[in-house]
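Per my numbering, the first sequence starts with residue 14, numbered consecutively. Heads up: the structure comes next, in structure tokens.
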Amino acid sequence: MSIPRPPSKDFIREIIDEDLSSGKHDGTVTRFPPEPNGYLHLGHAKSICLNFGIAQEYEGRCHLRFDDTNPAKEDTEYVESIKEDIKWLGFDWGDHLYFASDYFEKLYEWAVHLIENGNAYVDDQNAEEMRAGRGDLQNPGTESPFRNRSVEENLDLFSRMREGEFKDGEKVLRARIDMVHPNLNMRDPVIYRIVHTPHHRTGDAWCIYPMYDFTHGQSDALEYVTHSLCTLEFENHRPLYEWFLDHLPVPSRPRQIEFARLNLNYTVMSKRKLLQLVEENYVSGWNDPRMPTISGIRRRGYPAEAIRNFCKTIGITKFKGTNDITLLESSVREILNRDASRFMAVLKPLKVVITNYPEDQVEEFEAVINPENPELGTRKVPFSRELYIEQDDFMEDAPKKFFRLTVGKEVRLRCAYWIRCEEVIKDAEGNITELRCTYDPETRGGENPSDGRKVKATIHWVSAAHALNTEVRLYDRLFSEEAPDAGESNFLDCLNPDSLEVITDAKLEPNLARVPKGETVQFERLGYFCVDSESSGDLPVFNRTVGLRDSWAKAKGKG
RNA sequence: AACUCCAUGGUGUAACGGUAGCACAACAGAUUUUGGUUCUGUUUGUCAAGGUUCGAAUCCUUGUGGAGUUGCCA
């Protein structure tokens, strides 16, 4: 017998454990710092689960801080959607809502502090001159002709920048670090630029704005954040992050730790590409159910719990791998299998007439709401002489492995009766329009008959007279290539032409009229479907969340 | 021969010098009034070469491969 090992932790949680046990910190404070310039996506969900998850586990706190230092790109609309998405994911920042723009005055003061100590200067060079002076990956930079201005002159110029005396781009404030540093970020980075654009919160109070690098670490320090978790592309910024903390009278010493961002196959995650999909109308909007945005997957019917589980499963490392979308779908099915109520719906109807069933008779059968949770009880489903079954559940020339209905064969109608197909009716073009079947009264409720007869399949059905006719949207992955943004080709060339199929005459079990917007249910044998949050009119519109695993389709595909 | 970081089955992730495990995927079988679920089993892995060690996925060296960085974006 060995002692069970404690559940393994990712490298970030190990660092936190060490910091706690060494006494470096006596609590844990993290933050989720989105820029309000777009909608949140699954990549953000990974970061949210990490930061808020750590706060919960360590009984610390996680701040929601909007990194709003670029008025040209940001808007209050995004602030609101971001809050909504985080709440939907199941996390709460409590009283800890902050904006980097709340720190503009303090940041200005600290910029002056740098100038006073000879650690920052106003540069009159334009962007192009600065680029030339920065050098490149192989070559060192050269110092700006304005680098050695006096403290007094810098102070005067910087305050006049604030007063609005200069136009955009005319001057910048730069940290005075090292123009030959091997890390380009350290070659006198710009820390303030002039932007005469109203800010969504501070209006026109400012016309100079701090850069990300001059804002983030200081904001962390002001909020007493202990561990500032960000993605790998900020690795090269860490020396700068620390340089500012070293040269400024900050109240605390946060630590930046980087982890790999989320990559998923068959989708794109970059804000730019998602924006392009929206703007060029490849999708219906940010919350199109095919989008990897939080609002998109919510509308698609993915449960928040499934997203959280998924994020737990993929873990936190520094390895930039690509996660398989099937892992996400598996998390979604796991939750939905447990929670979703079952109903019957026929997507592609084929009429069946039970010739030996009385014409005006209607029976009601009891059907289990969820076999995974019998306490939920049963529902009543009407049955009559004319029904719809799924076109895929009938084949005229059926292969041996086809278990469903074919002429002369018998199947079970779920919870109803066994039926045998006697005759196929076709139109002039030879299309199958109707099936004539007979039922066995002894199999009432779907029970096995006393003669020991066996049936290989149970199929779903809807009574024609009682059916609700409605729209169902079948969503599939947006891209047909595993890595749409890889290589030279345009990601738009990889769009899956069949990512949306709209069915307008699906036949639903009448109980489905009562499902509220946003709820995801199972259409038996087909998949999980969610009532579209934007559906209007008398009948709900259903979105396919994800199909059921389908081993028949797989076997059939192999030929 | 710029700097920094990364490398474990098909994919992702554990193993903290001592039996390479888990999930997803795939494949087979059992159960099943959903070809779903559940259960059982199978296949597949430490980038390479040296070194340290009784013992290396783990430590060291070198190499190979990949990623990020040359915004007045974040």
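Ideal Cβ positions, reconstructed from N, Cα and C, are used throughout, including at glycine.
Nearest CA to the CA of residue i: which residue from the options?
{"i": "L197", "options": "T244, Y205 and E248", "result": "E248"}
{"i": "T419", "options": "E403, A218 and R427", "result": "E403"}
{"i": "R312", "options": "N556, L127, T330 and Y452", "result": "N556"}
{"i": "T228", "options": "R527, E118, D498 and E292", "result": "E118"}
{"i": "W256", "options": "R398, E93, I204 and T339", "result": "I204"}
{"i": "V366", "options": "E399, I382, P387 and R351", "result": "E399"}
{"i": "Y279", "options": "R538, S60, T558 and P497", "result": "P497"}
{"i": "I438", "options": "V468, K364 and A477", "result": "K364"}
{"i": "G550", "options": "A526, N152, V534 and A566", "result": "A526"}
{"i": "D259", "options": "F65, V296 and N130", "result": "N130"}
{"i": "V77", "options": "G107, Y237, L63 and G66", "result": "Looking at the sequence itself, residue 77 is Leu, so the reference to Val does not match. The shortest C-alpha separation from L77 is found at G107."}
{"i": "K393", "options": "E385, D410, V375 and N386", "result": "V375"}
{"i": "I307", "options": "Y295, I95, D511 and K37", "result": "I95"}
{"i": "V296", "options": "P523, E537 and D489", "result": "D489"}
{"i": "N383", "options": "L508, D511, Q535 and P264", "result": "Q535"}
{"i": "R466", "options": "D440, D23, G443 and K422", "result": "K422"}
{"i": "G182", "options": "N139, E90 and K361", "result": "N139"}
{"i": "R562", "options": "N350, E122 and D201", "result": "N350"}
{"i": "V238", "options": "I67, K180 and K469", "result": "I67"}
{"i": "S172", "options": "V359, V381, D545 and H126", "result": "H126"}
Apply the 10 Å Cβ neighbour rule to residue i and answer buried if 16 or more other Cβ atoms are within range, or exposed otherwise.
{"i": "S15", "result": "Low confidence applies here, because S15 scores a pLDDT of 38, under 50, leaving its location unreliable and the question unanswered by this model."}
{"i": "D98", "result": "buried"}
{"i": "D506", "result": "exposed"}
{"i": "A566", "result": "exposed"}
{"i": "A145", "result": "exposed"}
{"i": "P17", "result": "The pLDDT assigned to P17 is 47, lower than 50, so where the model puts this residue is not dependable; a value taken from the coordinates is nonetheless given after this. It counts as exposed."}
{"i": "L223", "result": "The sequence shown places Pro at residue 223, not Leu. By the 10 Å Cβ count, P223 comes out buried."}
{"i": "K100", "result": "exposed"}
{"i": "T446", "result": "exposed"}
{"i": "N64", "result": "buried"}
{"i": "V559", "result": "buried"}
{"i": "K569", "result": "exposed"}
{"i": "L245", "result": "exposed"}
Can you tell me which residues form a DSSP beta bridge with residue i?
{"i": "T391", "result": "V381"}
{"i": "K520", "result": "V359 and N482"}
{"i": "C428", "result": "Per DSSP, none; premise fails for C428."}
{"i": "L508", "result": "F492"}
{"i": "Q535", "result": "R355 and Y541"}
{"i": "H212", "result": "G216"}
{"i": "S476", "result": "L400"}
{"i": "V559", "result": "Y541"}
{"i": "F45", "result": "L77"}
{"i": "L242", "result": "I270"}
{"i": "D373", "result": "None, per the DSSP bridge assignment."}
{"i": "N152", "result": "DSSP lists no partner for N152."}
{"i": "T471", "result": "R425"}
{"i": "Y222", "result": "R206"}
{"i": "Y295", "result": "In DSSP, Y295 forms no bridge with anything."}
{"i": "K439", "result": "I445"}
{"i": "Y91", "result": "Y91 pairs with nothing; no bridge assigned."}
What distance in whole Å lies between the Cβ atoms of residue j and residue i, which are believed to be in contact at a cut-off of 8 Å?
{"i": "L102", "j": "A58", "result": "6 Å"}
{"i": "Q231", "j": "L120", "result": "6 Å"}
{"i": "L448", "j": "F396", "result": "With a Cβ gap of about 16 Å, L448 and F396 do not count as contacting."}
{"i": "V475", "j": "K520", "result": "4 Å"}
{"i": "M199", "j": "E156", "result": "Not confirmed; about 13 Å, so no contact."}
{"i": "I128", "j": "M174", "result": "At roughly 11 Å, the Cβ-Cβ gap does not stay under 8 Å, so I128 and M174 are not in contact."}
{"i": "H54", "j": "P305", "result": "5 Å"}
{"i": "E514", "j": "L539", "result": "No, E514 and L539 are not in contact; Cβ-Cβ is about 13 Å, not under 8 Å."}
{"i": "T533", "j": "G314", "result": "4 Å"}
{"i": "F332", "j": "A411", "result": "Contact doesn't hold; Cβ gap of about 48 Å is too wide."}
{"i": "T619", "j": "S114", "result": "Outside the displayed span of the chain (14 to 572) sits residue 619, for which this structure offers no information."}
{"i": "A470", "j": "V528", "result": "About 27 Å separates the two Cβ atoms, so there is no contact after all."}
{"i": "D226", "j": "P202", "result": "6 Å"}
{"i": "D80", "j": "P46", "result": "5 Å"}
Are at least three pairs of beta-carbons, each pair with one atom in the region 83-103 and one in the region 211-223, less than 8 Å apart?
-> Segment contact: the region 83-103 against the region 211-223, three or more CB-CB distances shorter than 8 Å; contact assigned.
Validate contact between the region 477-491 and the region 431-439 using beta carbons, cut 8 Å, 3 pairs = Contact fails: fewer than three Cβ-Cβ distances are below 8 Å.
Give a yes or no on contact between the region 126-135 and the region 182-193, applying the rule of three or more CB pairs nearer than 8 Å.
-> With a cut-off of 8 Å on Cβ pairs, the region 126-135 is in contact with the region 182-193, counting three or more such pairs.
Three or more C-beta pairs closer than 8 Å, one from the region 365-377 and one from the region 446-457: is that the case here?
-> Contact holds: three or more Cβ-Cβ distances are below 8 Å.
On the three-pair Cβ rule with 8 Å, is the region 343-354 touching the region 393-403?
-> They do not touch, by the three-pair rule.
Segment contact flag, the region 317-326 with the region 355-364, C-beta cutoff 8 Å, min 3 pairs | Touching, no, given that fewer than three Cβ pairs across the two stretches are closer than 8 Å.
Three CB pairs or more closer than 8 Å across the region 299-317 and the region 65-77 | When Cβ pairs closer than 8 Å are counted between the two stretches, the region 299-317 is seen not to touch the region 65-77, the count staying below three.
When the Cβ atoms of the region 35-55 are set against those of the region 281-288, are three or more pairs found closer than 8 Å?
-> Touching, yes.
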